[in-house]
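Written out below as structure tokens is the structure these notes cover.
Protein chains: 4
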Amino acid sequence: MTFKRSALTEHFLTDLVEEAKQLLGQGKTADYIPALAAIDPNQIGIAVCFNDGDIVQAGAAQTPFSIQSISKLFTLVQALKLYQDELWQGIGREPSGHRFNSMVQLETDHGVPRNPFINAGALAICDRLQSRLSAPTFQLLELLRKLADNPALHANNQVARSELAHGSRNAAMAYLMKAFGNFSNPVEQVLHSYCHHCAIEMSCVDLAKASVFLANKGISFSGEAILSADQTTRINALMATCGLYDASGEFAYEVGLPGKSGVGGGIVAVYPGHFSVCAWSPELNPVGNSLISTWLLEQLTDRLEVSIY
Amino acid sequence: MTFKRSALTEHFLTDLVEEAKQLLGQGKTADYIPALAAIDPNQIGIAVCFNDGDIVQAGAAQTPFSIQSISKLFTLVQALKLYQDELWQGIGREPSGHRFNSMVQLETDHGVPRNPFINAGALAICDRLQSRLSAPTFQLLELLRKLADNPALHANNQVARSELAHGSRNAAMAYLMKAFGNFSNPVEQVLHSYCHHCAIEMSCVDLAKASVFLANKGISFSGEAILSADQTTRINALMATCGLYDASGEFAYEVGLPGKSGVGGGIVAVYPGHFSVCAWSPELNPVGNSLISTWLLEQLTDRLEVSIY
Amino acid sequence: MTFKRSALTEHFLTDLVEEAKQLLGQGKTADYIPALAAIDPNQIGIAVCFNDGDIVQAGAAQTPFSIQSISKLFTLVQALKLYQDELWQGIGREPSGHRFNSMVQLETDHGVPRNPFINAGALAICDRLQSRLSAPTFQLLELLRKLADNPALHANNQVARSELAHGSRNAAMAYLMKAFGNFSNPVEQVLHSYCHHCAIEMSCVDLAKASVFLANKGISFSGEAILSADQTTRINALMATCGLYDASGEFAYEVGLPGKSGVGGGIVAVYPGHFSVCAWSPELNPVGNSLISTWLLEQLTDRLEVSIY
Amino acid sequence: MTFKRSALTEHFLTDLVEEAKQLLGQGKTADYIPALAAIDPNQIGIAVCFNDGDIVQAGAAQTPFSIQSISKLFTLVQALKLYQDELWQGIGREPSGHRFNSMVQLETDHGVPRNPFINAGALAICDRLQSRLSAPTFQLLELLRKLADNPALHANNQVARSELAHGSRNAAMAYLMKAFGNFSNPVEQVLHSYCHHCAIEMSCVDLAKASVFLANKGISFSGEAILSADQTTRINALMATCGLYDASGEFAYEVGLPGKSGVGGGIVAVYPGHFSVCAWSPELNPVGNSLISTWLLEQLTDRLEVSIY
């Protein structure tokens, strides 16, 4: 309630990263594709971006990593800009209570994914983008380059190809939605975009910058209106209830900020009115979220008392 | 972020209640027990309690109604005081993604309810209370009387008996937890408490007062520490992700406050740092939350810009 | 098609039992109640009863054991006599595709159990019997004593009490059916009968005799019409598709006779037109059917070519 | 048991077909593809083929129709010849208890379909055939032409294309199996074969002839050994427990013969030791089996007392 910005210093973050090192080795890097399994697990970074664009960082905060499902946050932003409330025809806004890649619920719900942050929901979002954009991946990159003020951002093609080669379950979800009439474009085309989105590489600093407009009623640190204040609030609400798959409740309980995680080990979180933050470390806990990133964010909100609840 | 208390006046609330009247007739009162079905559906009330105890109210804000599942919020408070973090052995903290009385998930999860706000979770909480309290219902009433500063609060025995007579599904859930070793006390005894908790009658004013400590780091308006700031934050987080059953995501999206609903038509919500609010109107939407109470809270947060996200 | 009765001799069965001994130790006796776990696992028996009442037997064929779910076959017989086709209101006739004590399907199917041989279905049958019989357990015993021509048959009260004490899951299923309006009598009363039925003790010879009317168009070996030819055919069809829980397909594939198993280690099977057979050995395979009884019946039908298919 | 072949005459079948006409209009032809929806619903045919090749027939018994899922019976025959018992790695033999195209169970069972007669199972069979055959559809046609002694049999390409165009759910199932490592060949290639198999057109007479080896220990009416007696028995057992999707229990209860249905309106059934029969009429009941074909087979087994149970 009475957040003291002066407490959130580089020194503070550096201490957190140092303490976090003792947790190294307790998780397990994503291993479903070789390109992710090969990463050095002993990396920890964190960056905070205040609403005015000021950055505070520690550790490997400038090392690019695979953003993976964090891309779902930005494709949602793109889609909401294009479709407004029409977007929610065929895509829900409820926590799923199931694994991020569950088919069970998708069938029970007649092909309507529970929310845009589980795989099926993100595939539906990519399908909608495909219908209105000429080159979805390029245009997502353009948005991210602008938001992060980093023209060098790109997708790792080797990772993208590897994702595609291991994408049978995503194909199954897309075809099931198609069977229910909730998917318009060719599955292969959408999977291609989806896998390239996941393969985009960004650093903690990039991601903190790119998401700070969510803490600032939709205004980027450079002053551009990305979304309306209302849309921003609602995206944060979605992150709060659905952003960490079936650990969203736990994340709300322990961290208390809206957030979005990726199997690359990154987690973005937002403290509305003040700052965004991105933590990164490749080792994952059993539900697929970065063990150390979660711990860093828990400590940050606990010590600074910045839970929104 | 910059909440102007001066905007939240009796006049403001009265206008909301007047506007809400045009929605009367669009929902349906709970009808699974005669005692609830018999209520006059054309009632609307709302009360706000600020952290200092000031009350603003409109409509039928002083009419007592059946709190039903809102009792789950207060039994959780009781249980957390008694058990601290030990409470979470055998009770989850995740949104369920299923109806409030689903057996499917309870079996899949080996008798561990997803959270304390679905029926199975609340039954587990009542089981834990039964193990440590001599007279759980009486002691819950004592807590509520103190929090609401209203010694007249009581349970409606006719409603409680009616609930018990229609309690086969709750019995099924309790026995299933027992089969998994996650329920210690006799099922009948716990159901008796549970049904009496649901049958407690309180007004919007009572409930707003009783829950304002959740907006004030655990301190009641009379200055008593009910829970720690930390516990309070976490209860709010649980309400935010799980408080409205399988419409919790939608409530976060549209209202943006932690809340807890009951089939009696009441919804309690909390704006941390500032106030608690209780809206009431008996007609329910298809997922079982009060249609008009939801609308009132949407309008309130929208017009005053008090979403936490 | 051209069954040679002369091949089914005591010598033939004795050889089977001898060969089966090498499988001892590969399964595991039921251990959910102490009374069953305490049994000597090294017992093997088999008895065949021809339609004319002639018995061929080998091994421990006269040792009484707990019939457990085989009782479901005889309560179905009782209920079909009392209710005729009306019995099928609220009870299905399809294989379940789930474990014998699954709650998931029972909820999905709105409280209608898939068939009378899974626990929920047998509980529903007992509920129907309770509505029309003054003393269901006593009357089941009377039926079995007559069919087996053995007035000494009785239920083991220690086993019945032990079942009742571990009966929370059965209570959960009964209450769930009650919640759906598909259960009329007090749950406790029906569970009491159900557990006593399971605790009845019979030998292979008793069970082969008691079920031979199912091989003989409904006529017992003493010439009494127990059911019509038509009802008999249909009960056999139910055993063929549902009699061995979620191993019914495998049993049809490997054994090829309608059958009913129990966790006491017994399996009854019927070769229509010719004989009934009961095999017994306490050690169970992972799906809960007697490992050695299954093997004995496989060998019997394989060597004598008596699959019905 | 004492089947009188002399009772199964053309006159007998003609009477059945006449009686069945009063049921016309009570069902609904398959409408998921235009090519099937366009069929004249007022057609009824039945043909019996005795083990010696003699045919008795009535109604439209020589009109070719789309065999649809009846093809699953013959691809299983092909696959069993090629793989023997190895076939069952990755394919179950249990009734599913779910709709024929359920994804839920396929995920729960880690990509292993319950049996070869539900869609997922048949797709897995086609995948196995693809691995060992140069031209699966052509080779299936060759087998059917030989078995039915009808060189003119062919697949309807318009139907096949239409199936492919509506094949998203089948694609979803194939990709889900691939995700679990239980599908080797390219999904598109296997779907192509699968859809052409379904689009093969045969008459009641063709199908009765083609399946009579299942009633004759694997020997075709022309004397060729198609499968061993043992394999034949087991295929019949699979039809008996799984052949009519989630109405298999009902079919066993009412008809009492192993059978396999298709949404084209045909049902093949086998009376081991004596004859095969195929009934056809396009209108389906709610579970997707021909309403009149089911009734014809019920009447046939009832009047001739030829239930196997």
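Protein chains in written order, with this note's numbering: chain V, 2 to 310; chain Z, 2 to 310; chain X, 2 to 310; chain G, 2 to 310. Don't be surprised by glycine CBs; every beta carbon is placed ideally from N, CA and C.
With 8 Å as the threshold, decide whether the Cβ of residue i is near any Cβ in chain G.
i, result
"H111 (chain X)", "no"
"D53 (chain X)", "no"
"N186 (chain X)", "no"
Measure the C-alpha to C-alpha separation of residue i and residue j and round it to an integer number of angstroms.
i, j, result
"F75 (chain X)", "V264 (chain X)", "16 Å"
"L142 (chain X)", "Q90 (chain X)", "26 Å"
"Q63 (chain V)", "A149 (chain V)", "12 Å"
"Q232 (chain V)", "Q79 (chain V)", "12 Å"
"N52 (chain V)", "S212 (chain V)", "10 Å"
"G260 (chain G)", "D16 (chain G)", "22 Å"
"A241 (chain Z)", "K82 (chain Z)", "20 Å"
"S308 (chain V)", "G244 (chain Z)", "18 Å"
"G54 (chain G)", "L305 (chain G)", "20 Å"
"N43 (chain Z)", "E95 (chain G)", "55 Å"
"I201 (chain G)", "L298 (chain X)", "40 Å"
"T138 (chain G)", "P187 (chain G)", "16 Å"
"P65 (chain X)", "V206 (chain X)", "9 Å"
"M178 (chain V)", "C196 (chain G)", "20 Å"
"M174 (chain V)", "A173 (chain Z)", "34 Å"
"G98 (chain Z)", "S97 (chain V)", "5 Å"
How would you call residue i, buried or exposed, if buried means at least 16 neighbouring beta carbons within 10 angstroms?
i, result
"N171 (chain Z)", "buried"
"D128 (chain V)", "buried"
"K22 (chain G)", "exposed"
"S204 (chain V)", "buried"
"Q1 (chain G)", "There is simply no residue 1 (chain G) to check, as chain G begins at 2 and stops at 310 in what is shown."
"K5 (chain Z)", "exposed"
"S221 (chain G)", "buried"
"S294 (chain Z)", "buried"
"G93 (chain X)", "buried"
"H12 (chain X)", "exposed"
"Y176 (chain Z)", "buried"
For residue i, which residues in chain X fall below 7 Å Cβ to Cβ?
i, result
"K179 (chain Z)", "S169"
"L173 (chain Z)", "The question names Leu, but residue 173 (chain Z) in the sequence shown is Ala. Residues of chain X passing the Cβ test: A173, Y176, L177, A180."
"E251 (chain G)", "R94, E95"
For a cutoff of 8 Å on Cβ pairs, would you count residue i as touching chain Z?
i, result
"A241 (chain V)", "yes"
Which residues in chain V have a C-beta closer than 8 Å to the C-beta of residue i? List them in chain order.
i, result
"I309 (chain Z)", "P273, I309, Y310"
"V105 (chain G)", "M104, V105, E108, T109"
Is there at least one Cβ from chain V nearer than 8 Å to residue i's Cβ?
i, result
"T76 (chain Z)", "no"
"G267 (chain Z)", "no"
"Y254 (chain Z)", "yes"
"A61 (chain Z)", "no"
"A238 (chain Z)", "yes"
Listing by chain order, which chain Z residues have their CB less than 9 Å from the CB of residue i?
i, result
"G98 (chain V)", "E95, P96, S97, G98, H99, Q106, R115, D247"
State yes or no: is the C-beta of residue i nearer than 7 Å to some heavy atom of the ligand MG?
i, result
"N120 (chain V)", "Among the components modelled here there is no ligand, and therefore nothing to report on the ligand MG."
Would you mind telling me which residues of chain V sit closer than 7 Å to residue i, beta carbon to beta carbon, in chain order?
i, result
"R235 (chain Z)", "Y254"
Mind pulling the chain G residues with CB within less than 7 Å of residue i?
i, result
"P259 (chain X)", "Y310"
| request: With a floor of 3 residues, list each beta strand (DSSP E) that falls wholly inside the segment 35–93 of chain G, ordered by position along the chain. | output: Unbroken beta strand (DSSP E) stretches of 3 residues or longer found wholly inside the segment 35–93 of chain G: 46–51, 56–60, given in chain order.
| query | Could you give the uninterrupted runs of the beta strand (DSSP E) lying entirely in the segment 174–210 of chain V, keeping only those of 3 residues or more? | reply | Listed in chain order, the complete beta strand (DSSP E) runs (minimum 3 residues) inside the segment 174–210 of chain V are 201–203.
| task | Ignoring anything shorter than 4 residues or poking outside the segment 115–168 of chain G, list the alpha helix (DSSP H) runs there in chain order. | result | 120–133, 137–149, 158–166
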